[in-house]
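A.B. asks: In our numbering, the protein residues as written are 32 to 212.
1. Spatial neighbours of residue 107 within its chain, please: CB distance less than 7 Å, with the 5 preceding and 5 following residues excluded, ordered by chain position.
2. Give the straight-line distance between the Cα atoms of residue 90 and residue 34, rounded to the nearest whole angstrom.
3. Per the DSSP calculation, residue 109 is bridged to which residue(s)?
4. Which residues in the same chain have their Cβ closer than 7 Å to the Cβ of residue 83, if we skip the five residues on either side of it in sequence?
5. How would you write the range of the beta strand (DSSP E) that residue 53 sits in, first residue to last?
6. Do you know how far the Cα of residue 60 is from the Cα of residue 133?
7. Which value, in whole angstroms, describes the spacing of the CA atoms of residue 111 and residue 81?
8. Would you please state the rounded distance, in angstroms, between the beta carbons of residue 78 and residue 36? I believe it to be under 8 Å.
9. Let's see if you can read the secondary structure: which residues bound the alpha helix (DSSP H) around residue 91?
10. Following the continuous beta strand (DSSP E) through residue 135, name the residue where it begins and the one where it ends.
11. Hey, could you find the ends of the alpha helix (DSSP H) residue 146 is sitting in?
12. Using three-state DSSP, classify residue 40 as helix, strand or coil.
13. Please name the residue, chosen from 201, 48 and 54, that lies closest to residue 128 on a Cα-to-Cα basis.
14. Answer yes if the segment 52-72 comes into contact with the segment 150-165, meaning at least three C-beta pairs across the two stretches below 8 Å, and no otherwise.
15. Checking 8 Å against the spacing of the C-beta atoms, do residue 144 and residue 136 come in under that value?
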């Protein structure tokens, strides 16, 4: 991979009760870990605070990244975001704290356009690092396209109100940092 960025951001998705990611999440984690091992970036942000039963996306992704050879001290967790536009907002706050300006976004190909749009909207120089494509049945592809159209519209509306979430992200990070000292 000739790409070089400041950080890799891997977006969460469904997690299994076993504490392992479902197939799309496993592909995303594997893609991010391979990119890290190839020197694409010194940091990987596991982004996703959604709970799937007892499992939290960022924690499961972090464990998967470690299993794939990414050192724990190179992984940063975003445990707050619940949606794609929140992935962008909270990851952007983490990236700013790290002094990072350019990030490779890892997600499924069908989700990539919306993810990149959201990250760019919050000021991140984002590039695509898609996980491997698995051809879904026609009905699933139609659902994905419809979901992305509606979600892109909803994300655009939500981004107009992003200032309060960005301030919350900064406050959360300040609070967390104060707890560390």
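Each residue gets a CB set at the ideal place from its N, CA and C atoms; glycine is no exception.
C.D. replies: The answer reads as follows:
1. Stepping through the chain shown from its first residue, residue 107 is reached at position 76. The answer, listed in chain order, is 74, 76 and 125.
2. Stepping through the chain shown from its first residue, residue 90 is reached at position 59. Stepping through the chain shown from its first residue, residue 34 is reached at position 3. Residue 34 has its alpha-carbon roughly 26 Å from the corresponding atom of residue 90.
3. On the chain shown, position 78 is the one that residue 109 refers to. Listed as beta-bridge partners of residue 109 by DSSP are 78.
4. Counted from its first residue, the chain shown places residue 83 at position 52. If the five residues before and after residue 83 are omitted, its C-beta is found closer than 7 Å to the C-beta atoms of 45 and 46, all from its own chain and listed in chain order.
5. The residue labelled residue 53 in the question sits at position 22 within the chain shown. Looking at the DSSP string, residue 53 is not in any beta strand (DSSP E), and its letter there is neither H nor E.
6. Against the chain shown, residue 133 aligns to sequence position 102. Against the chain shown, residue 60 aligns to sequence position 29. Using only the alpha carbons, I get a separation of about 19 Å.
7. Looking up residue 111 in the chain shown gives position 80. Looking up residue 81 in the chain shown gives position 50. If I take the Cα positions, the gap works out to 8 Å.
8. On the chain shown, position 47 is the one that residue 78 refers to. On the chain shown, position 5 is the one that residue 36 refers to. A Cβ-Cβ separation of about 15 Å leaves residue 78 out of contact with residue 36 under the 8 Å criterion.
9. Looking up residue 91 in the chain shown gives position 60. Here the alpha helix (DSSP H) through residue 91 covers 88-98.
10. Walking along the chain shown from the start, residue 135 turns up at place 104. Element bounds for residue 135: 133-137.
11. Here residue 146 is taken as the residue at index 115 of the chain shown, counted from 1. Per DSSP, residue 146 belongs to the alpha helix (DSSP H) from 140-152.
12. As a first step, residue 40 must be located in the chain shown, where it is residue number 9. Secondary structure at residue 40: strand, using DSSP grouped into helix, strand and coil.
13. By one-based count along the chain shown, residue 128 stands at place 97. For the residues 201, 48 and 54, the minimum Cα distance to residue 128 belongs to 201.
14. The segment 150-165 makes contact with the segment 52-72: 3 or more CB pairs, one atom from each, lie closer than 8 Å.
15. Numbered from its first residue, the chain shown carries residue 144 at position 113. Numbered from its first residue, the chain shown carries residue 136 at position 105. Their beta carbons are not under 8 Å apart, which means residue 144 does not touch residue 136 by this criterion.
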